[in-house]
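No gaps in the numbering here: position 128 of the sequence shown is 235 in the working numbering, and each next residue is one more.
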Amino acid sequence: NKHQILEADINVWEQKIRELVQSSEDMMQEGHFDGNNIKSETKKLQNQFKALKDPISKRCAALDESLKFHRFTFEVETELQWINERLPVAISEAMGQNLYQAQSMEKKHKKLQAEILGHESMINKTLAIGQNLIEQKHPEKSNIESSCKNLEEEWNNLQSKADERARKLELSLKAQQYLSDVGEIETW
108 NKHQILEADI NVWEQKIREL VQSSEDMMQE GHFDGNNIKS ETKKLQNQFK ALKDPISKRC
168 AALDESLKFH RFTFEVETEL QWINERLPVA ISEAMGQNLY QAQSMEKKHK KLQAEILGHE
228 SMINKTLAIG QNLIEQKHPE KSNIESSCKN LEEEWNNLQS KADERARKLE LSLKAQQYLS
288 DVGEIETW
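In structure tokens:
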């Protein structure tokens, strides 16, 4: 990135300035007629260059914090998208009109629940990253807290809706099984 290139350039210039200071000291020892002035100017240049170090390190730290925040935000958005892709299936009211459809829907829903259970570690990892940033007193702490809360709420909503649908599908399956059994008995 641009800041790393700038830091590399600064390191190169820092080396050149050290060499310049060394040259000025050598000139002074050799008795150059303007040695004191040369040494004074090179020391002044060296001090001015050193004064750049603090703002550069502060800028680097600020960029690093910004990068952490944007990576976290990207992770949260990815997880929210994952949740939103599965939510319509979890809130579906379709129960099946016969035993076969009810069995098929229950089987598909069990796959969804397994997928949700398997994805929980990713949600927890993202929330842990957010919690870590909050504990480090990140400058975007309030936004991070809000994002974590939103992700947790959406995750809990998905789990709740999936559990509710599982109960409904189970009842529907039992009802369809009952109706199927009654139909068989009547045809007997």
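Virtual Cβ for every residue (Gly too), placed ideally from N, Cα, C.
In terms of Cβ geometry, ILE241 and ILE230 do not form a close pair [threshold 8 Å].
Collapsing the DSSP output to three states places ILE198 in coil. The segment 205-220 and the segment 268-285 touch, with no fewer than 3 CB-CB distances between them shorter than 8 Å. The shortest CA-to-CA distance from ASP133 to any of ASN118, THR149, GLU121 and HIS216 is the one to THR149. Contact check for ILE198 against LYS268 passes: the beta carbons are separated by less than 8 Å. Closest in alpha carbon position to THR233, among PRO162, LEU187, GLN129 and ASN143, is LEU187. Between SER279 and GLY203, the CB-CB gap stays under 8 Å. Straight-line spacing of the CA atoms in GLU261 and LEU219 works out to 16 Å.
Going by DSSP, GLN111 is part of the alpha helix (DSSP H) stretching over 109-136. SER131 places its beta carbon 8 Å or farther from that of LYS109. Under the three-state reduction of DSSP, GLY203 is assigned to coil, being neither helix nor strand.
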